[in-house]
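Visitor:
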Amino acid sequence: MKKTAELLNWAQEQLRDAGIPEAEAESELLLEEHTGLTRTGLYMNLGSCASMDEELLEDRIAKRRNRFPLAYIIGKARFMGFDFLVDERVLIPRQETELLVENTVNTSYVVRRTSNNEISILDIGTGSGNIAVSLAKLIPEAKIFATDISEDALAVAEKNAVLNTVRDEITFIRSDLFLGIGNLRKNSVDIIVSNPPYIPAAQIAGLQPEIRFEPRIALDGGEDGADFHRRIISEAPAYLRNGGFLFMEMGAGQSAGITGMVSKNGNYVKFGIIKDYAGIDRIVWAVKR
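So that you can map any letter, position 182 of the sequence shown is 182 in the UniProt record's numbering, and since no number is skipped, the others follow by simple counting.
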């Protein structure tokens, strides 16, 4: 049985050789998962023999060397301080999407002040459920609806709702955007939020290797990356109440085109852009007329 230090050094060398950008941090995380130790505990036990399945570790290192995403290897991702189960059926939650949740939460305070503390939120394209579940945790008063076209994604999202003890607070609906939510009353939703696919189809092949393992349906936004924004902007007003809010994540360089769509629609009284922490236009918001 090898000592913890030997296994850690070996794992780091393997990932560095494969060109993994954060080889040291990822090696630590993989060993933490295998030993059940915290990072501090890992380094306090470098001289001890590691109690773990070394063959399983070798298999996981081999997968990571092939650029299989770390989150899929360990089966979970952290988002908004909560744990989420993830696998190849769903997109891995990204840190920039936390900004979408934060702004939805902040807006909910305004809505609740004028509605006897009641609020309804619709998450379009829920994927792993990271947005809907986080909102349910952070806005306990909210009535939340979450849709996805993929049954597989909805199965993962429901597991995450159970994991985070908010299953009863979320209604999951299989739907292609708005097509399957006829039972949701029109002109009744306070906030619609979405992180739709927004990568232009021709750019996907040139992205980092890990992307090829994620579901294309959650990435491909069509020729200009804005196919889903176009539909949501057009269809959301039928479900938003007057004065209701729409929040959507978008990619770099897309803000002019997407705000142009909002402006031309005629159903929104005002709109704007929110930049992420890197200074990139990341969220478009609009208020229904």
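We put the beta carbon where it would ideally sit given N, CA and C, even for glycine. Keep in mind it's a predicted model, so treat the numbers as computed, not measured.
1. Return the chain-ordered list of same chain residues with a C-beta closer than 6 Å to the C-beta of VAL111, the five sequence neighbours on each side being excluded.
2. Tell me which residues share the same chain as LYS270 and place their Cβ nearer than 6 Å to its Cβ, disregarding the 5 neighbours each side in the sequence.
3. In the DSSP assignment, find the beta strand (DSSP E) that holds PHE68 and state where it starts and stops.
4. Nearest CA to the CA of ILE149: which residue from LYS143, ARG113, ARG89 and VAL105?
5. Just verifying my parser: in three-state terms, what is the DSSP assignment at LYS186?
6. Please determine, among PHE82, GLY222 and LEU207, the residue with the shortest C-alpha to C-alpha distance to PRO196.
7. Can you give me the start and stop residues for the beta strand (DSSP E) that GLY41 sits inside?
8. Identify which residue in GLU13, LEU7 and SER234 has its Cα closest to the Cα of THR35.
9. Between the Cα of PHE228 and those of GLY251, GLY206, PHE245 and GLU214, spot the shortest distance and give me the residue it belongs to.
10. Express the C-alpha separation of ASN265 and SER234 in angstroms, rounding to a whole number.
11. Name the one or two DSSP bridge partners that THR147 has.
12. According to DSSP, which residues form a beta bridge with ARG78?
13. Whose C-beta lies closer than 8 Å to the C-beta of GLY75 among residues of the same chain, with five residues either side of it excluded?
14. Evaluate GLY206 with the Cβ neighbour count: other Cβ atoms within 10 Å of its Cβ, from every protein chain shown; 16 or more gives buried, anything less gives exposed.
15. Count the other CB atoms, across all protein chains shown, that sit within 10 Å of the CB of ARG282; report buried if there are 16 or more and exposed otherwise.
16. Have a look at SER27, ALA11 and ARG65 and flag the residue whose alpha-carbon is nearest the alpha-carbon of PRO209.
17. Assuming MET248 is part of the beta strand (DSSP E), what are its boundary residues?
18. Taking GLU158 and PHE172 to be in contact with their CB atoms under 8 Å, please state how far apart those CB atoms are, rounded to whole angstroms.
19. Just the C-alpha distance for LEU99 and ILE131, rounded to the nearest angstrom, thanks.
20. For ASN164, which option in LEU184, SER128, ILE181 and VAL193 has the closest C-alpha, if you only look at C-alpha atoms?
Guide: In this structure, then:
1. Within the sequence shown, numbered from 1, the residue matching residue 111 stands at position 111. Same-chain partners within the cutoff: ILE119 and ASP190.
2. Mapped onto the sequence shown, residue 270 falls at position 270. Hits under 6 Å: VAL287.
3. For the purposes of this step, residue 68 is identified with residue 68 of the sequence shown, where counting begins at 1. No beta strand (DSSP E) contains PHE68, which DSSP labels as neither H nor E.
4. Position 149 of the sequence shown, counting from 1, holds the residue named residue 149. The candidate whose alpha carbon is nearest that of ILE149 is ARG89.
5. Start at 1 with the first residue of the sequence shown, and residue 186 comes out as number 186. The answer is coil: DSSP assigns LYS186 none of H, G, I, E or B.
6. Position 196 of the sequence shown, counting from 1, holds the residue named residue 196. Nearest C-alpha to PRO196: GLY222.
7. To locate residue 41, count along the sequence shown from 1; it is residue 41. Looking at the DSSP string, GLY41 is not in any beta strand (DSSP E); the run it does join, the alpha helix (DSSP H), is 39 to 44.
8. Translated into positions along the sequence shown, residue 35 becomes position 35. Residue LEU7 is the option with its Cα nearest to THR35.
9. Here residue 228 refers to the residue found at position 228 when the sequence shown is read from its first residue. Comparing Cα positions, the closest option is GLY251.
10. Start at 1 with the first residue of the sequence shown, and residue 234 comes out as number 234. Start at 1 with the first residue of the sequence shown, and residue 265 comes out as number 265. Roughly 7 Å between the two C-alpha positions.
11. Taking the sequence shown and counting its residues from 1, the one referred to as residue 147 is at position 147. In the DSSP output, where bridge partners are listed per residue, THR147 has ILE124 and ILE173.
12. Counted from its first residue, the sequence shown places residue 78 at position 78. Answer by DSSP bridge pairing, in chain order: ASP83.
13. Within the sequence shown, residue 75 is the residue found at index 75, counting from 1. These residues qualify, in order along the chain: LEU85, VAL86 and ASP87.
14. Numbered from 1 along the sequence shown, position 206 holds the residue referred to as residue 206. Within a 10 Å sphere around the beta-carbon of GLY206 sit fewer than 16 other beta-carbons, which makes this residue exposed.
15. Here residue 282 refers to the residue found at position 282 of the sequence shown. Result: buried.
16. Your numbering for residue 209 matches position 209 in the sequence shown. Out of SER27, ALA11 and ARG65, ARG65 has the C-alpha closest to the C-alpha of PRO209.
17. What you label residue 248 is simply residue 248 of the sequence shown in a count that begins at 1. It spans 240 to 249 - the beta strand (DSSP E) in which MET248 sits, taken as one unbroken run.
18. Taking the sequence shown and counting its residues from 1, the one referred to as residue 158 is at position 158. Taking the sequence shown and counting its residues from 1, the one referred to as residue 172 is at position 172. Right, their Cβ atoms sit about 6 Å apart.
19. Counting from 1 along the sequence shown, the entry for residue 99 is found at position 99. Counting from 1 along the sequence shown, the entry for residue 131 is found at position 131. Approximately 10 Å between the Cα atoms of the pair.
20. As a working mapping, residue 164 is identified with position 164 in the sequence shown. Ranking LEU184, SER128, ILE181 and VAL193 by Cα distance to ASN164 puts SER128 first.
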